[in-house]
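Participant: Just so you know, the sequences run in chain order A and B.
Counting with our numbering, you get residues 3 to 456 for the letters of the first sequence.
Counting with our numbering, you get residues 3 to 456 for the letters of the second sequence.
2 protein chains.
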Amino acid sequence: METSARIDKYLNDTLDQYLQTVMRLCRQPSVSARKEGTAECAVLVAEVLTEHGYQVQTFETASNPVIVGKLAGKSDRTLLFYNHYDVQPPEPLELWTSPPYEPDIRDGKLYARGAKDDKGELVARLAAVDAARTANNGELPCSVIFVVEGDEEVGSPTIAKFVQQHLDLLACHGAIWEEGQVSKEGPLDLLGRRGIIAFELSVESMKMDAHSGNAHNLPSAAWRLVWALNSLKDQHEHILIPGFYEDAQPVSEADRHLFEIYPNLEKMQQDQLDQFGIETFLGGRPGMDAATALFNPTCNIQGITTGYQGEGIKTVIPARASAKVDFRLVPRQDPDDIEKKLRAHLHQQGFDDIHVQRISAMWPARVEPDDPLVRLSSRTAKEVYGRETILYPMTGGSSPVYAFAKPLGNIPVISPGVGYWDSRTHAPDEHIRIEDFLNAARNIARIVDGFAEI
Amino acid sequence: METSARIDKYLNDTLDQYLQTVMRLCRQPSVSARKEGTAECAVLVAEVLTEHGYQVQTFETASNPVIVGKLAGKSDRTLLFYNHYDVQPPEPLELWTSPPYEPDIRDGKLYARGAKDDKGELVARLAAVDAARTANNGELPCSVIFVVEGDEEVGSPTIAKFVQQHLDLLACHGAIWEEGQVSKEGPLDLLGRRGIIAFELSVESMKMDAHSGNAHNLPSAAWRLVWALNSLKDQHEHILIPGFYEDAQPVSEADRHLFEIYPNLEKMQQDQLDQFGIETFLGGRPGMDAATALFNPTCNIQGITTGYQGEGIKTVIPARASAKVDFRLVPRQDPDDIEKKLRAHLHQQGFDDIHVQRISAMWPARVEPDDPLVRLSSRTAKEVYGRETILYPMTGGSSPVYAFAKPLGNIPVISPGVGYWDSRTHAPDEHIRIEDFLNAARNIARIVDGFAEI
């Protein structure tokens, strides 16, 4: 029997045992937003990893513990799995068909809070590693590391620092991100996430608001802020900060091709136009231009607050004004560098009265479509799903992928997983299809099997 | 005995009777903000005017009634008095030395809510007219009209329309505004009030807020508003709407001279700088430039609201944004014309997506320093106070003076009155000095006496 066949046999034979593990984890509430059961769930994850043969360490953080499980293989080449044991709050409870913490299997689906996000994903990966080991006569073909954190649903406030502090412990050659899904057309993967740096810009022009009859003589914080914001971007969406675009990686021919072959791109775009009630995208961009615009970094105003905002009028000159601004960054742009350039620009434009406070930052992260790990997972997907992975070159949002990819040596990161288009992640009746769970394990086991060779 | 001496004798002899009338009016609460006693006070004012020989009409409005009292004189030349019978709420009650609606005379002062603003003013004028009549052997030298409204303290929402609807009834050749005061240096008057037109500018770029990861493609209401606002005024405070300054009356040499001789102008300016904690006025303007800048019309942002305004960040593209903007206008500028020019400018700049809603408007009002009524009141002031009126050419704020001055044929309006620098208008322990009450009556009686001749 071939390795692949042995993998599939093992997973078919043991499926029920892994579903039991999913349910065991899902019975334990672990809502990070209110620290409900997260400590208990961390202990449970450590137990489960230990039972599967991993060397387990629990690291306390400023919030919930991070669990690291390691298993040495035949090769030093190491694959890292990032997952999390916390979940979103289950409310509204009345919309669940079966209670969120009483896992229920019906119609080939497993229902529970966390069934998909992210306890089902975690267990499918444990199954995959077990299958790869069994299929290779008990010897794991590559080394693996599981990193399972407890604060993903509240924005992973501690994970970047944790990685920075444990570079040796987490040294690896590639990673599998927390979750993935199949569409009606086949398995999906995402090659890039944009970075982000967000600021609060604020100005105080006087000690207190003044009567607007003094507007000829007294300085307005509102006007200072409007002029400062206006200096950042022109009406053609061109960002005016000198050097802003310098390091931005443009869309490649390969990426353009991926957009061209992406299934139903036009319908997705039309759905978005309809959802927001607009005729065209910015600049009247047609389909492919709108798609490749994901490689344009952006400057967005999240909100502005100044002066009187109630009904009618109030004749005041605002003494204080502030805006929240975020820049989405594309690969090779560096939030630290953008912050320097923003500050230099405001200074150069005479806006030294604008106080710039950095609130948060994430780096862009990207794997190239011809990366060996991407190509390996496309081959394994073809075996399991009958077609290669459908690759989307870039998403508009940001993710803590960067927290691993960059400090661990620009490792490739991919996202195969157990979800599908109706998994109801974060919503009532969250569930996975058991067939998807099995396929994800079959796929990931093949990736583990092949990882040492790429 | 000269007329002036007869005026003074009458007022000295009858002072107590008029103070009793002030107290009678002050005993009646009349808080327009909560319609407390205003109906009763309207009846009382009509009674008092009738007792003094006026032909009285009570006009119902959408809010409190307007009382009009007319008295024919020897001459058809008619002087109009504008006053109001409503008061500000008396709270906080615990800060009053004697209760606000129990008028109390102590140390030569009369304490009560309304003693100054505006019941004391009203009665001093009634006394002045009576004195002028008595001093002329029972024949009033000019005709007079009293207009006494009940909504001044809530912004006079109905008075402009009332005047428009009663142009014949209110036809006159000059007016005395509701209140006035003396400073330590002598009696004051204000020659000009700016106009104002206020708008809400709003924009909706999409049906709902979007995730900021879509900022490369989805239109932001916040940016549209920032760009539209920026198009209104540059960083040198120059308003960019074509034709905006066209009709603005510049500061004259006569006005410049009045600023130059105004007592303690420099100290007033330094106090204002200190109050708002700033080093210099806009543009670093020194004293005289800051004073004459009252003749610069302004464009002020009262407030801006858009997107997320809470703690930290929220990665949204705002679908809605709005700003409240007011323009203060100088004489000869017309709010209707400014509205047209604003709309044309936004259209021409490509901001048809910005919705412009006019919220309110007042016209500028101005009397020239060499107007015969101003010169008359300066002469009478010299007799009563020992020095001519100190004239301030323009104030930054706006006032319903325009509601009378313009529709009644650009009549001159002056403001002699009973107040002084510590009358505590709108505050606890509101009061007048009885000497100021008497002097105001003496002064205004002389104006009534002389009005037919100018």
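Where a beta carbon is used, it is the ideal one built from N, C-alpha and C, also for glycine.
What's the C-alpha gap between B:Ser-65 and B:Glu-42?
Facilitator: Position 63 of the second sequence holds residue 65 of chain B. Position 40 of the second sequence holds residue 42 of chain B. Whole-angstrom Cα-Cα distance: 14 Å.
Participant: Drop a sphere of 10 angstroms on the beta-carbon of A:Gly-75, count the other beta-carbons inside from all chains shown, and report buried for 16 or more, exposed for fewer.
Facilitator: Position 73 of the first sequence, counted from the first residue, corresponds to residue 75 of chain A. Flag for A:Gly-75 reads buried.
Participant: In or out: A:Val-45 buried (at least 16 other Cβ within 10 Å) or exposed?
Facilitator: Against the first sequence, residue 45 of chain A aligns to sequence position 43. So A:Val-45 counts as exposed.
Participant: In the DSSP assignment, what residue or residues form a beta bridge with A:Ala-325?
Facilitator: Here residue 325 of chain A corresponds to residue number 323 of the first sequence, with the count starting at 1. The partner list for A:Ala-325 (beta bridge, DSSP) reads A:Leu-203, A:Ile-306.
Participant: Along the chain, which unbroken stretches of the beta strand (DSSP E) at least 3 residues long are found entirely within the segment 141 to 203 of chain B?
Facilitator: Listed in chain order, the complete beta strand (DSSP E) runs (minimum 3 residues) inside the segment 141 to 203 of chain B are 145 to 151, 176 to 178, 183 to 185, 188 to 192.
Participant: Quick one: what does DSSP say A:Ser-425 is sitting in, helix, strand or coil?
Facilitator: Looking up residue 425 of chain A in the first sequence gives position 423. Here A:Ser-425 sits in coil by DSSP.
Participant: Looking at the structure shown, is B:Arg-539 part of a helix, part of a strand, or coil, going by DSSP?
Facilitator: No answer is possible for residue 539 of chain B: it lies beyond the span of chain B, which begins at 3 and ends at 456.
Participant: Can you list, in chain order, the stretches of the beta strand (DSSP E) that have 3 or more residues and sit fully within the segment 258 to 318 of chain A?
Facilitator: Correct list: 300 to 309.
Participant: What do you reckon, are the CB atoms on A:Ser-296 and A:Met-208 nearer than 7 Å?
Facilitator: Mapped onto the first sequence, residue 296 of chain A falls at position 294. Mapped onto the first sequence, residue 208 of chain A falls at position 206. The question names Ser, but residue 296 of chain A in the sequence shown is Leu. Not closer than 7 Å, so no.
Participant: Could you list which residues in chain A have their beta carbon closer than 8 Å to that of B:Ala-283, in chain order?
Facilitator: Mapped onto the second sequence, residue 283 of chain B falls at position 281. Sequence check: residue 283 of chain B is Phe here, not Ala. Those are Asn-219, Leu-220, listed as they occur along chain A.
Participant: Run down chain A in chain order and give the residues with a C-beta less than 9 Å from the C-beta of B:Met-210.
Facilitator: For the purposes of this step, residue 210 of chain B is taken as residue 208 along the second sequence, with counting starting at 1. Here the neighbours are Gln-277, Phe-278, Gly-279.
Participant: Given this structure, state the Cα-to-Cα distance separating B:Ile-1 from B:Phe-246, to the nearest angstrom.
Facilitator: What the structure shows of chain B is the stretch from 3 to 456, and residue 1 of chain B is not part of that stretch, so it cannot be assessed.
Participant: What number of angstroms, rounded off, separates the C-alpha of A:Ile-241 from the C-alpha of A:Trp-229?
Facilitator: Residue numbering aside, residue 241 of chain A sits at position 239 when the first sequence is read from its first letter. Residue numbering aside, residue 229 of chain A sits at position 227 when the first sequence is read from its first letter. Distance between the alpha carbons of A:Ile-241 and A:Trp-229: 14 Å.
Participant: With 16 other CB atoms within 10 Å as the buried threshold, where does A:Asp-10 fall?
Facilitator: As a working note, residue 10 of chain A is residue 8 in the first sequence. Flag for A:Asp-10 reads buried.
Participant: Does the count of Cβ pairs from the segment 277 to 294 of chain A and the segment 306 to 316 of chain A closer than 8 Å reach three?
Facilitator: The segment 277 to 294 of chain A, when compared against the segment 306 to 316 of chain A, does not touch it at the 8 Å Cβ threshold.
Participant: Going by C-alpha to C-alpha distance, which of A:His-86, A:Tyr-56, A:Cys-144, A:Asn-219 sits closest to B:Glu-281?
Facilitator: If you number the second sequence from 1, residue 281 of chain B lands on position 279. The candidate whose alpha carbon is nearest that of B:Glu-281 is A:Asn-219.
Participant: So with Cβ pairs under 7 Å, would you call A:Ala-200 a contact of chain B?
Facilitator: As a first step, residue 200 of chain A must be located in the first sequence, where it is residue number 198. It does: the Cβ of A:Ala-200 has a partner Cβ on chain B nearer than 7 Å.
Participant: Strictly below 9 Å CB to CB, what residues from chain A border B:Thr-427?
Facilitator: As a first step, residue 427 of chain B is located in the second sequence; it is residue number 425 there, counting from the start. Correct list: empty, because the minimum Cβ distance to chain A is about 16 Å.
Participant: Taking all protein chains shown into account, do 16 or more other C-beta atoms lie within 10 angstroms of the C-beta of A:Asp-35, making it buried, or fewer, making it exposed?
Facilitator: Your numbering for residue 35 of chain A matches position 33 in the first sequence. According to the sequence displayed, residue 35 of chain A carries Ala and not Asp. Flag for A:Ala-35 reads exposed.
Participant: Nearest chain A C-beta to B:Asp-291 closer than 7 Å, yes or no?
Facilitator: Start at 1 with the first residue of the second sequence, and residue 291 of chain B comes out as number 289. So no, B:Asp-291 is outside the interface.
Participant: Residues bridged to A:Lys-235 by DSSP?
Facilitator: To locate residue 235 of chain A, count along the first sequence from 1; it is residue 233. Answer is A:Ile-241.
Participant: At what residues does the beta strand (DSSP E) containing A:Asp-106 begin and finish?
Facilitator: Here residue 106 of chain A is taken as the residue at index 104 of the first sequence, counted from 1. Looking at the DSSP string, the run of the beta strand (DSSP E) that includes A:Asp-106 is 106 to 108.
Participant: Here's the rule I'm using: 16 or more other beta-carbon atoms within 10 Å means buried, otherwise exposed. How should B:Pro-101 be labelled?
Facilitator: Sequence index remark: in the second sequence, residue 101 of chain B carries index 99 (1-based). By the neighbour-count rule (16 or more Cβ atoms within 10 Å), B:Pro-101 is not buried but exposed.
Participant: Should B:Asp-170 be labelled buried (16 or more other beta-carbon atoms within 10 Å of its own) or exposed?
Facilitator: Taking the second sequence and counting its residues from 1, the one referred to as residue 170 of chain B is at position 168. With fewer than 16 Cβ atoms within 10 Å of its Cβ, B:Asp-170 is classed as exposed.
Participant: My guess is that B:Tyr-387 and B:Pro-189 are in contact by the Cβ rule of under 8 Å, so how many angstroms apart are they, rounded?
Facilitator: Indexing the second sequence from 1 puts residue 387 of chain B at position 385. Indexing the second sequence from 1 puts residue 189 of chain B at position 187. Sure, about 5 Å apart at Cβ, within 8 Å.
Participant: Kindly examine the ligand COA and report whether one of its heavy atoms sits closer than 6 Å to the Cβ of B:Val-125.
Facilitator: No copy of the ligand COA appears in this structure; indeed no ligand is present at all.
Participant: Can you pull the DSSP bridge partners for B:Ile-416?
Facilitator: Residue numbering aside, residue 416 of chain B sits at position 414 when the second sequence is read from its first letter. Its beta-bridge partners are B:Ile-178.
Participant: Quick one: any contact between the segment 413 to 428 of chain A and the segment 105 to 120 of chain A, if contact means 3 or more CB pairs under 8 Å?
Facilitator: Yes: at least three Cβ pairs fall under 8 Å.
Participant: Please state whether DSSP places B:Thr-111 in a helix, a strand or coil.
Facilitator: Reading the second sequence from its first residue, position 109 is the one you call residue 111 of chain B. Looking at the sequence shown, residue 111 of chain B is not Thr but Lys. DSSP places B:Lys-111 in strand when its eight states are reduced to three.
Participant: Could one say the Cβ of A:Thr-308 lies closer than 7 Å to chain B's Cβ atoms, at least one of them?
Facilitator: Here residue 308 of chain A refers to the residue found at position 306 of the first sequence. Closer than 7 Å to some Cβ of chain B, the Cβ of A:Thr-308 qualifies, so yes.
Participant: In angstroms, rounded to a whole number, what distance separates the CA positions of B:Pro-91 and B:Thr-99?
Facilitator: As a first step, residue 91 of chain B must be located in the second sequence, where it is residue number 89. As a first step, residue 99 of chain B must be located in the second sequence, where it is residue number 97. Straight-line Cα distance between these residues: approximately 16 Å.
Participant: How close, in whole Å, do the beta carbons of B:Gly-71 and B:Phe-164 come, if the pair is a contact with beta carbons under 8 Å?
Facilitator: Here residue 71 of chain B refers to the residue found at position 69 of the second sequence. Here residue 164 of chain B refers to the residue found at position 162 of the second sequence. Not quite, the Cβ-Cβ distance comes to about 15 Å (not below 8 Å), so this is no contact.
Participant: Do you know offhand how far A:Ser-77's Cα is from A:Asp-132's?
Facilitator: To locate residue 77 of chain A, count along the first sequence from 1; it is residue 75. To locate residue 132 of chain A, count along the first sequence from 1; it is residue 130. About 16 Å.
Participant: Considering A:Thr-80, what are the terminal residues of the alpha helix (DSSP H) in which it resides?
Facilitator: Residue numbering aside, residue 80 of chain A sits at position 78 when the first sequence is read from its first letter. A:Thr-80 -> not in any alpha helix (DSSP H); beta strand (DSSP E) instead, spanning 80 to 86.
Participant: From B:Ala-130 to B:Phe-261, what distance separates their C-alpha atoms?
Facilitator: Position 128 of the second sequence, counting from 1, holds the residue named residue 130 of chain B. Position 259 of the second sequence, counting from 1, holds the residue named residue 261 of chain B. Whole-angstrom Cα-Cα distance: 31 Å.
Participant: By how many angstroms is the C-alpha of B:Val-253 removed from the C-alpha of B:Ile-198?
Facilitator: By one-based count along the second sequence, residue 198 of chain B stands at place 196. By one-based count along the second sequence, residue 253 of chain B stands at place 251. So the two alpha carbons sit approximately 18 Å from each other.
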